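Asks:
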């Protein structure tokens with residue numbers, strides 16, 4: 002079965018996300034629980050980590066969905082088998098925002114990531130906001146100054162930008178990021194409070210903003226209710 006991803010440009014645990022999450026959970030398999038990993042924020046200290054954790058718990062309590070926080074802050078935590086087993090039955094595994102490189106470094110080649118991917122292969126959904134969305138990108142290859150491409154390569158033919166409407170207002174930033182993509186890589190820039198749901202190739206847009214899709218030969222912007230493809 003194809004893996005499913007819900008990727009947000011910003012705005013995790015806010016009311017606008019319930020529409021997309023309802024769609025996700027209607028089709029996801031597992032026991033209906035949400036496992037929340039604020040791992041990307043761990044470099045900012047326990048207060049920030051705990052704040053994101055509580056926001057997630059409160060968000061799902063509002064709609065009577067069972068949720069738990071996985072205390073994964075450092076790479077060694079991702080090797081703890083008792084934590085890895087806690088994602089196996091989840092319907093949705095949620096990565097909130099923070100530092101994408103820290104999140105990728107914690108997860109890469111660990112029992113926890115392996116357990117998450119097994120869960121996805123039976124129908125669980127990777128939900129990532131900001132850093133949690135960026136890390137599914139094609140991994141960095143060291144070419145053409147692409148040091149910002151620190152993804153896990155879960156979607157190997159695409160890279161994802163977040164807060165894209167804000168980033169596009171910074172002179173030269175959008176060009177700098179997209180010009181350093183490896184050849185034949187799709188770039189998907191997700192605006193704030195905007196989400197895409199899909200299997201890595203076929204996507205649907207949710208939320209208030211747009212999604213800037215740049216392929217090898219063309220560029221197009223899509224808004225809520227639209228669908229688009231990023232073929233591998």
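Residue numbers (this note's numbering): 2 to 233. For every residue, glycine included, the Cβ atom is placed at its ideal position computed from N, Cα and C. Only a predicted model underlies this, so the values are computations on that prediction, with no experimental measurement involved.
Inspect the beta-carbon positions of residue 88 and residue 132 and report whether they are closer than 9 angstroms.
Replies: no
Asks: Write down the C-beta distance between residue 21 and residue 7 rounded to the nearest angstrom, noting that I regard them as a contact closer than 8 angstroms.
Replies: 6 angstroms
Asks: Looking only at C-alpha atoms, which of 29, 5, 17, 2 sits nearest to residue 193?
Replies: 17
Asks: Does DSSP classify residue 156 as helix, strand or coil?
Replies: coil
Asks: Determine the DSSP secondary structure at residue 44, reduced to helix, strand or coil.
Replies: helix
Asks: List the DSSP bridge partners of residue 205.
Replies: In the DSSP assignment, residue 205 is bridged to 198, 228.
Asks: Buried or exposed for residue 231, going by 16 or more other Cβ atoms inside 10 Å?
Replies: buried
Asks: Helix, strand or coil: how does DSSP classify residue 129 here?
Replies: strand
Asks: Comparing C-alpha positions only, which one of 214, 200, 196, 47 sits nearest to residue 206?
Replies: 196
Asks: For residue 34, which option in 5, 126, 114, 14 has the closest C-alpha, if you only look at C-alpha atoms?
Replies: 126
Asks: So the alpha helix (DSSP H) residue 83 belongs to, where does it begin and stop?
Replies: 82-85
Asks: Are residue 13 and residue 130 closer than 9 angstroms when you measure CB to CB?
Replies: The beta carbons of residue 13 and residue 130 sit closer together than 9 angstroms.
Asks: Alpha carbon to alpha carbon, what distance is there between residue 172 and residue 199?
Replies: 31 angstroms
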